[in-house]
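Numbering (the working numbering), first residue to last: 20 to 177.
Glycine included, every Cβ here is placed at the ideal spot set by N, Cα and C.
Here the structure is a predicted model, which is why all the values come from computation and not from measurement.
What follows is the structure, given as structure tokens:
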């Protein structure tokens, strides 16, 4: 199974989001965390987290980019369990069973977004629309090695 893992290209996430995810955390889209948000009530950093932040499962901080990685069954179940506890404690799930169902649904949804080769970099874009929240996942193309200009050739002296 494949699942997103946070990646940090520089320190900008630490300055961008209220809480930055650490590198190499398993990550979810985390859009559910904004389900009851009013756009005008979000701080600047919260708005940036809304627009472009994946949710790290260890810290529950945000990351701008993730990469598609292999996840074991046990690791996936640990993600579900940790997320369920977070949902139960912070988002009003009536009981742990309901929180587990919501967490498994979120984790399965996120795993289904990873139908790309391993190490594919992804970003998320969100916006508030009349019907709720619109979410788009974008693939970041790999950088090709720079093309080198041939400035001379070697020829035989005949």
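Here DSSP, grouped into helix, strand and coil, assigns residue 104 to helix. Linking residue 74 to residue 49 through their CA atoms gives a straight-line distance of about 5 Å. Contact check for residue 97 and residue 115: beta-carbon distance about 16 Å, past the 8 Å limit, so the pair fails to qualify. Rounded to the nearest whole angstrom, the CA to CA distance from residue 94 to residue 119 is 15 Å. In its chain, beyond the 5 residues on either side, 22, 23, 46, 47 and 48 have a beta carbon closer than 8 Å to the beta carbon of residue 129. Here residue 86 has 24, 26, 138 and 140 as same chain residues with Cβ atoms under 6 Å from its own Cβ, once five neighbours each way along the sequence are excluded. Within 10 angstroms of the beta-carbon of residue 148 lie fewer than 16 other beta-carbons, which makes it exposed.
Residues of the same chain with a CB within less than 8 Å of the CB of residue 135, apart from the 5 flanking positions on each side, are 21, 87, 141 and 158 in chain order. DSSP, reduced to helix, strand and coil, places residue 53 within a helical segment of the structure shown.
From the listed residues 112, 69 and 44, the smallest Cα separation to residue 37 is found for 69. For residue 64, the uninterrupted alpha helix (DSSP H) run begins and ends at 63-71, by DSSP. Judged by DSSP in its simplified three-state form, residue 28 adopts coil rather than helix or strand.
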